[in-house]
Amino acid sequence: MSRFLVALAAVLLPTLALADVDPRFAKLRDESEPLGGLGAFLEKYVGACEGALVDPQCKAQAEAFRKKYQGKQLYMIVTEDDANMLAPGPYSPATGEYTINITPFFPGGRYAMTHGTPKKTDANGNPVMPLLTVTGTLPEGWNIQMFSRMFSMRGVRAQVVFTPQSVWTLPKKGGGKNYGVTARIDGLLVSEGRTGSQLGLWLNGKDANARR
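Count the sequence shown with mature numbering (1 follows the signal peptide of the UniProt record, and there is no 0) and you get residues -19 to -1, 1 to 193, in order.
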């Protein structure tokens, strides 16, 4: 089992899920079904029924699994060691406001969950995804170096609520296909792993802290 799956299995541990967060996200999280492991979920949802030794019921089982989760919200935690989709963005010294860039690509085993459907791949054969961004203001006593160090030292995590929608495919470099699951990210909370302090929140399709 990969380190990523072991980390995601910890989603059921109260110490990871009960930190004080924005009540809007807490409500969304508490109304969602906890996901024990993203890789196992994607494997069943995609149901890539290829090869001579595939179970004859493979396609039917995959269709039944997708139907079971149609319109259902799921919740997972991406821990510090696996939050590679989070990166510091622009910072304004005048206001202390920072931006966090989120690449909405969440790998699990052979597949990945994405916010929306990727349309193309980069030179390395990886799906290209438009960034999501969240903003916040540095607390008193912080500077941009301290903020950036949290990311380089693997000090941030994400909590994600998403609704799976369909299966996507893209040509694989060297032949074959890449598979993944298109989802709608309903909420994504970025926090400091050590303290649980909220750093940014994506909610209802936008940065929840953006100025109107």
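The beta carbon of each residue, even a glycine, is placed where N, CA and C say it ideally should be.
Item, Value
"Which residues in the same chain as Phe128 place their Cβ atom closer than 8 Å to its Cβ, once the five residues preceding and following it in sequence are excluded?", "Pro69, Tyr72, Tyr79, Leu119"
"Using CA coordinates, which residue listed in Ser147, Gly17, Tyr160, Asp63 is at the minimum distance from Gln51?", "Ser147"
"Which residues mark the beginning and the end of the alpha helix (DSSP H) in which Ala9 is found?", "Looking at the sequence itself, residue 9 is Leu, so the reference to Ala does not match. Run containing Leu9: 4 to 11, per the alpha helix (DSSP H) assignment."
"Give me the DSSP bridge partner(s) of Glu78.", "Ser73, Thr118"
"Out of Pro74, Thr102, Gly161, which has the shortest C-alpha to C-alpha gap to Glu24?", "Gly161"
"Buried or exposed: Thr95, going by 16 or more other Cβ atoms within 10 Å of its Cβ?", "buried"
"How would you label Pro152, buried or exposed, when you count the other beta carbons within 10 angstroms and need 16 or more for buried?", "exposed"
"For Thr(-5), is the classification buried or exposed, using 16 other Cβ atoms within 10 angstroms of its Cβ as the cut-off for buried?", "Because Thr(-5) sits at a pLDDT of 40, beneath the cut-off of 50, its placement in the model cannot be relied upon, and the following sentence gives the value as read from the coordinates. Looking at its Cβ environment, which holds fewer than 16 other Cβ atoms inside 10 Å, Thr(-5) is exposed."
"Inspect the beta-carbon positions of Leu182 and Ala189 and report whether they are closer than 8 Å.", "yes"
"Based on Cα-Cα distance, which residue from Val109, Ile83, Gln140 lies nearest to Val115?", "Ile83"
"Relative to the C-alpha of Asn159, which candidate in Gly168, Gln38, Gly106 has its C-alpha closest?", "Gly106"
"Mind checking which residues open and close the beta strand (DSSP E) that includes Val109?", "Looking at the DSSP string, Val109 is not in any beta strand (DSSP E), and its letter there is neither H nor E."
"With DSSP run on the structure shown, which of helix, strand or coil describes Tyr50?", "coil"
"According to DSSP, is Gly174 part of a helix, a strand, or is it coil?", "coil"
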